[in-house]
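A.B. asks: Okay, handing you the structure first.
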Amino acid sequence: MGFPFSDHIALLEQFLKGRTAIVGGLERQLFSARGKAHAGSGDRESIADILDACFFESPTISRHLSGLKGQLDAAHLADGFEPARQDGYSRALDPVELALRACHYWDSTRWPGTNGRLAFAQSLYAVFILRQLEYLSVRIWDEGPDRPSSNKDQAAERLRHVQRLLDILNAGGRSPQEIRLVRDARWLIQTAQGPLTRHVEPYFIKAANISGSFTDTDRIEIHKAGAVLAGGHLRSQLRHLSFRTGWAVDNPQLLALTRSSNSMDMALLVRDLVPLLDAYSAACVRQDGDARLALADAILQGLSADPELLLTRLDLLGPRR
Amino acid sequence: MIEELFIECSDTHAARHPGPIEGRNFSCATYSSLGEVHREHLVRYGELLGRTAESLRQDNRALDPAGTAYSPLGIVYGFCADLFSNMVLNTLRSPSPSDLSLEDVFLSRGRLEEKQTQAREWERLPKGEGERAPFEHSPEWAAQMYARLAGALEARAAHPEEPNASQFPTARLYVVPRGSPVPQGFPPMPQGFPPMAQGFPPVAQGFPPVAQGFPPVAQGFSPVASAQEHCLTSDVTRARLTGATALTADRISADRAEGRLLASAHADGAWFGVSKFPLTLYVSQGKDALLTDLPPGVIDVLHVVCPEFLVVLSHK
Numbered sequence: 087m088g089f090p091f092s093d094h095i096a097l098l099e100q101f102l103k104g105r106t107a108i109v110g111g112l113e114r115q116l117f118s119a120r121g122k123a124h125a126g127s128g129d130r131e132s133i134a135d136i137l138d139a140c141f142f143e144s145p146t147i148s149r150h151l152s153g154l155k156g157q158l159d160a161a162h163l164a165d166g167f168e169p170a171r172q173d174g175y176s177r178a179l180d181p182v183e184l185a186l187r188a189c190h191y192w193d194s195t196r197w198p199g200t201n202g203r204l205a206f207a208q209s210l211y212a213v214f215i216l217r218q219l220e221y222l223s224v225r226i227w228d229e230g231p232d233r234p235s236s237n238k239d240q241a242a243e244r245l246r247h248v249q250r251l252l253d254i255l256n257a258g259g260r261s262p263q264e265i266r267l268v269r270d271a272r273w274l275i276q277t278a279q280g281p282l283t284r285h286v287e288p289y290f291i292k293a294a295n296i297s298g299s300f301t302d303t304d305r306i307e308i309h310k311a312g313a314v315l316a317g318g319h320l321r322s323q324l325r326h327l328s329f330r331t332g333w334a335v336d337n338p339q340l341l342a343l344t345r346s347s348n349s350m351d352m353a354l355l356v357r358d359l360v361p362l363l364d365a366y367s368a369a370c371v372r373q374d375g376d377a378r379l380a381l382a383d384a385i386l387q388g389l390s391a392d393p394e395l396l397l398t399r400l401d402l403l404g405p406r407r
Numbered sequence: 044m045i046e047e048l049f050i051e052c053s054d055t056h057a058a059r060h061p062g063p064i065e066g067r068n069f070s071c072a073t074y075s076s077l078g079e080v081h082r083e084h085l086v087r088y089g090e091l092l093g094r095t096a097e098s099l100r101q102d103n104r105a106l107d108p109a110g111t112a113y114s115p116l117g118i119v120y121g122f123c124a125d126l127f128s129n130m131v132l133n134t135l136r137s138p139s140p141s142d143l144s145l146e147d148v149f150l151s152r153g154r155l156e157e158k159q160t161q162a163r164e165w166e167r168l169p170k171g172e173g174e175r176a177p178f179e180h181s182p183e184w185a186a187q188m189y190a191r192l193a194g195a196l197e198a199r200a201a202h203p204e205e206p207n208a209s210q211f212p213t214a215r216l217y218v219v220p221r222g223s224p225v226p227q228g229f230p231p232m233p234q235g236f237p238p239m240a241q242g243f244p245p246v247a248q249g250f251p252p253v254a255q256g257f258p259p260v261a262q263g264f265s266p267v268a269s270a271q272e273h274c275l276t277s278d279v280t281r282a283r284l285t286g287a288t289a290l291t292a293d294r295i296s297a298d299r300a301e302g303r304l305l306a307s308a309h310a311d312g313a314w315f316g317v318s319k320f321p322l323t324l325y326v327s328q329g330k331d332a333l334l335t336d337l338p339p340g341v342i343d344v345l346h347v348v349c350p351e352f353l354v355v356l357s358h359k
């Protein structure tokens with residue numbers, strides 16, 4: 087039967103239309119005496135149930151759409167993105183963890199009034215929707231009842247739907263306390279693949295999907311996001327490991343340690359850098375200074391992940407003949 | 044290189060890939076279709092980098108973080124989800140959150156004062172007991188990251204066509220097949236001695252087999268470093284005899300799946316793998332390294348993934 091993409095779009099539209107009611111429900115149920123008790127005992131499962139209920143059992147949601155609960159997560163898992171937990175966490179965006187953190191913070195300071203709790207419920211709402219949009223952004227290539235055959239234009243069209251929903255989320259209730267997590271739906275394709283997972287192949291399948299879809303402009307933005315996010319993550323890893331081991335950042339032991347665990351990141355980074363370098367080269371030729379510098383910014387952040395390997399030792403990256 | 048995804052091992056490739064391993068006249072390793080795509084990307088990457096290195100070197104100067112309020116090169120976090128979490132948790136303390144979004148965090152130009160303010164707020168976010176800081180923006184770290192990037196760009200721009208643009212000479216990975224002795228007095232070869240892959244045995248004429256197992260090369264008679272500890276095997280006895288590191292089969296398999304191994308194979312009832320460490324610890328530093336007791340299947344894969352460095356030592 088495939089993946090019912092348009093049903094999920096309809097469901098998210100209903101979540102967005104029912105924002106006020108859902109946020110109110112989150113504030114009442116998560117931060118009520120019952121919610122506090124769950125937070126106090128660290129009962130993540132019960133908090134997750136409350137979160138789900140506030141969305142999927144909201145009176146504003148059609149019954150047939152509420153049946154889609156869990157489908158996006160399951161499809162992501164079926165793609166092979168099986169979380170690999172490190173220190174108990176998979177480093178995914180987790181509204182349950184954020185709700186727990188808020189309760190612990192308020193316990194250690196003071197609990198805010200209704201407005202303060204509502205403001206934080208708004209943030210949790212945004213996180214929950216963003217997670218759905220992230221998962222949806224990597225479903226744009228799926229076949230389904232509304233998309234019988236492969237068609238690269240349909241991936242672009244579906245991404246525009248995701249962008250439209252993201253724009254509605256960001257427009258929000260126009261409260262000054264609302265946050266805008268991300269503006270560009272093209273970035274979601276990369277952030278959806280951010281957490282630690284057990285298998286590497288799914289990332290290359292998505293990378294191939296990206297290569298075969300979209301306009302040049304859209305593809306370049308997706309690759310920019312990929313390059314800067316990989317660069318930031320890998321530089322951070324280097325800093326943490328350098329601090330933990332006491333080794334300098336150019337110590338071969340440290341570089342060997344990081345490279346050993348970064349094969350996938352490096353391979354994907356090269357895939358992001360190739361089209362960016364191509365576009366950069368073209369921008370240099372046509373003397374388009376703004377485009378050139380914007381591309382250079384992303385490329386250089388990507389290269390900063392491991393300049394020795396990515397710039398000076400191409401022989402170590404792999405055979406090129 | 045990710046062996047599990049990029050390499051296929053099957054005897055059906057024998058006809059296409061004649062191999063040099065003693066006792067076998069075929070090699071069973073080749074690139075998978077995903078591996079071929081990756082190799083094509085590497086070729087294109089090298090070409091584009093050579094063409095653009097000088098321009099990138101110039102543009103890098105324009106993005107020098109020195110004296111700026113904020114640079115993406117200075118941020119330290121974990122995963123991108125942590126950045127979203129910071130935005131959310133910051134609302135607990137800041138009643139009017141910034142309208143900066145994820146994209147802004149990674150732009151080196153524009154609204155730098157606002158980004159610096161946001162970074163400082165994130166640095167002060169509450170953290171759990173024993174947790175490290177959720178975020179850091181360090182001008183010193185940015186300067187360090189910039190400096191090593193600038194140095195590497197300089198080297199690449201100076202040698203746009205050279206695969207190895209570093210200050211170190213290209214080194215070799217010497218491997219001794221399982222069952223073959225380490226050549227005594229190894230390595231006596233003159234400079235530029237052709238490797239096995241070109242059809243010439245690289246070992247000096249008439250070297251005698253070394254008795255009593257595998258003498259450690261690092262014990263003074265050879266400038267070649269022993270990288271034997273980076274050979275991994277699930278055969279504990281063999282590990283003890285050869286100086287390889289014993290690991291469970293599950294661990295070797297997991298390392299293989301994550302791309303931590305240069306090459307691996309199941310041979311003689313056990314897993315054997317070579318970690319990627321020797322490439323960085325030795326070869327990248329211009330030092331030759333020696334690995335011994337490698338099963339033929341592992342050498343097959345090494346011939347595919349690092350043919351430029353590989354020298355198979357065999358007395359035949």
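Sequences listed follow chains A and B, in order. Following our numbering, the numbering of the first sequence begins with 87 at its first residue and continues without gaps. Following our numbering, the numbering of the second sequence begins with 44 at its first residue and continues without gaps. Glycine included, every Cβ here is placed at the ideal spot set by N, Cα and C.
1) Taking a contact to mean a Cβ-Cβ separation below 9 Å, would you say GLU168 (chain A) touches THR283 (chain A) in this structure?
2) Run through DSSP, which three-state label would CYS274 (chain B) get?
3) Compare the Cα-Cα distances from GLN323 (chain A) to each of B:GLU351, B:THR213, B:CYS349, B:PHE178 and report the closest residue.
4) Please compile the residues from chain A whose C-beta is within a distance smaller than 8 Å of the C-beta of LYS158 (chain B).
5) Determine the closest residue to ARG221 (chain B) out of B:SER151, B:LEU337, B:ALA186, with distance taken between C-alpha atoms.
6) Output the residue ranges of the beta strand (DSSP E) runs that lie fully inside the region 164 to 224 of chain B and measure 3 residues or longer, sorted by chain position.
7) Using 9 Å as the limit for Cβ to Cβ distance, is LEU112 (chain A) near chain B?
8) Residues in the same chain with beta-carbon distance under 6 Å from LEU274 (chain A), minus the five sequence neighbours each way, listed in chain order, please.
9) Less than 9 Å between CB atoms is the rule here; does ARG284 (chain A) satisfy it with respect to chain B?
10) Residues bridged to TRP314 (chain B) by DSSP?
11) Closest to ALA193 (chain B) by CA distance: which of B:ARG87, B:GLU97, B:PRO140, B:TRP314 is it?
12) Using a Cβ cut-off of 8 Å, pull out every chain A residue sitting near ALA198 (chain B), in sequence order please.
13) Which residue wins for smallest C-alpha separation from GLN240 (chain A), given the options A:ILE296, A:ARG266, A:ALA311, A:ASP138?
14) Give the straight-line distance between the Cα atoms of GLY104 (chain A) and GLY121 (chain B), rounded to the nearest whole angstrom.
15) Taking a Cβ distance cut-off of 9 Å, strictly less, list which residues of the region 240 to 265 of chain A are near chain B, in chain order.
16) Assign PRO169 (chain A) to one of three DSSP states: helix, strand, or coil.
17) I'd like the span of the alpha helix (DSSP H) that includes ALA311 (chain A), first residue to last.
18) Which of the three DSSP states, helix, strand or coil, is assigned to LEU403 (chain A)?
19) Using the three-state DSSP reduction, which class does LEU48 (chain B) fall into: helix, strand or coil?
20) Using the Cα positions of HIS81 (chain B) and TYR74 (chain B), report the straight-line distance between them to the nearest angstrom.
21) According to DSSP, what are the bridge partners of TYR74 (chain B)?
22) Compute the Euclidean distance between the alpha carbons of GLY318 (chain A) and LEU322 (chain B), then round it to the nearest angstrom.
23) Hey, is GLN227 (chain B)'s beta-carbon within less than 9 Å of any beta-carbon in chain A?
24) Can you check whether the CB of VAL148 (chain B) is closer than 9 Å to the CB of LEU356 (chain B)?
25) Could you tell me how far apart the beta carbons of LEU340 (chain A) and ASP392 (chain A) are, in whole angstroms, since I believe they sit closer than 8 Å?
26) Return the first residue and the last residue of the alpha helix (DSSP H) that VAL371 (chain A) is part of.
27) Under 8 Å, CB to CB, which of the residues in the region 113 to 125 of chain B have a partner in chain A?
28) In angstroms with no decimal places, state the Cα-to-Cα distance between PRO61 (chain B) and CYS71 (chain B).
29) Determine, using beta carbons only, whether LEU400 (chain A) and ILE385 (chain A) come nearer to each other than 9 Å.
30) Could you confirm whether any beta carbon from chain B is found closer than 9 Å to the beta carbon of GLU287 (chain A)?
31) For LEU275 (chain B), count neighbouring Cβ atoms within 10 angstroms of its own Cβ and tell me buried if that reaches 16, exposed if not.
32) Do ALA292 (chain B) and ALA282 (chain B) have their C-beta atoms closer together than 9 Å?
33) Taking any Cβ of chain A, which residues in the region 284 to 315 of chain B have a Cβ under 8 Å from it, in chain order?
34) Count the other CB atoms, across all protein chains shown, that sit within 10 Å of the CB of VAL279 (chain B); report buried if there are 16 or more and exposed otherwise.
35) For ASP93 (chain A), which residues from the same chain have a beta carbon less than 7 Å from its beta carbon, with the 5 sequence-adjacent residues on both sides left out?
36) Quick check: the Cα distance between PRO203 (chain B) and GLN210 (chain B), rounded to an integer number of angstroms?
C.D. replies: A quick look at the data gives this:
1) In this structure, GLU168 (chain A) sits near THR283 (chain A), with a CB-CB distance shorter than 9 Å.
2) In the structure shown, CYS274 (chain B) sits in a strand (DSSP, three-state: E or B).
3) Comparing alpha-carbon positions, the option among B:GLU351, B:THR213, B:CYS349, B:PHE178 lying closest to GLN323 (chain A) turns out to be B:PHE178.
4) Result: empty, since nearest Cβ-Cβ is about 13 Å, beyond 8 Å.
5) A check of alpha carbon separations from ARG221 (chain B) across B:SER151, B:LEU337, B:ALA186 identifies B:LEU337 as the nearest.
6) Here the runs fully enclosed are 216 to 220.
7) Taking Cβ atoms only, chain B never reaches closer than 9 Å to LEU112 (chain A), which makes this a no.
8) Closer than 6 Å at Cβ, skipping near neighbours: LEU219, GLU220, SER223.
9) Yes, its Cβ sits closer than 9 Å to a Cβ of chain B.
10) B:HIS309.
11) For ALA193 (chain B), the closest alpha carbon among the candidates B:ARG87, B:GLU97, B:PRO140, B:TRP314 is that of B:GLU97.
12) Using a Cβ-Cβ cut-off of 8 Å, ALA198 (chain B) is close to LEU397, THR398 of chain A, given in chain order.
13) In terms of CA proximity to GLN240 (chain A), A:ILE296 leads the group A:ILE296, A:ARG266, A:ALA311, A:ASP138.
14) Cα-Cα distance, rounded: 33 Å.
15) Hits within the stretch, in order: ASN256, PRO262, GLN263, GLU264, ILE265.
16) DSSP, read as helix, strand or coil, puts PRO169 (chain A) in strand.
17) Counting along the chain, ALA311 (chain A) sits inside the alpha helix (DSSP H) bounded by residues 302 to 331.
18) Collapsing the DSSP output to three states places LEU403 (chain A) in a helix.
19) Note: LEU48 (chain B) maps to helix in three-state DSSP.
20) C-alpha separation (whole angstroms): 9 Å.
21) Beta-bridge partners of TYR74 (chain B) (DSSP): B:ILE50.
22) Approximately 24 Å between the Cα atoms of the pair.
23) By this cut-off, GLN227 (chain B) is not an interface position.
24) It is not a contact, given that the beta carbons lie outside the stated cut-off.
25) The beta-carbon separation of LEU340 (chain A) and ASP392 (chain A), rounded to 11 Å, does not stay under the 8 Å limit for a contact.
26) Residue range 349 to 371 is occupied by the alpha helix (DSSP H) that includes VAL371 (chain A).
27) If the cut-off is 8 Å between Cβ atoms, the region 113 to 125 of chain B has PRO115, LEU116, ILE118, VAL119, TYR120, GLY121, PHE122, CYS123, ALA124, ASP125 near chain A.
28) Unreliable placement is indicated for PRO61 (chain B), whose pLDDT of 47 sits below 50; the coordinate value is still reported in the next sentence. Taking the straight line from one Cα to the other gives about 9 Å.
29) Pairing LEU400 (chain A) with ILE385 (chain A) gives a Cβ-Cβ distance that is not under 9 Å.
30) It does: the Cβ of GLU287 (chain A) has a partner Cβ on chain B nearer than 9 Å.
31) When all chains shown are included, LEU275 (chain B) counts as buried.
32) It is not a contact, given that the beta carbons lie outside the stated cut-off.
33) Result list: ALA300, GLU301, GLY302, ARG303.
34) With a 10 Å radius around the Cβ and a threshold of 16 neighbouring Cβ atoms, VAL279 (chain B) comes out exposed.
35) A distance below 7 Å between beta-carbons, with the five flanking residues on each side excluded, links ASP93 (chain A) to the following residues of its chain, in chain order: LEU151, LEU154.
36) Cα to Cα, the separation comes out at about 14 Å.
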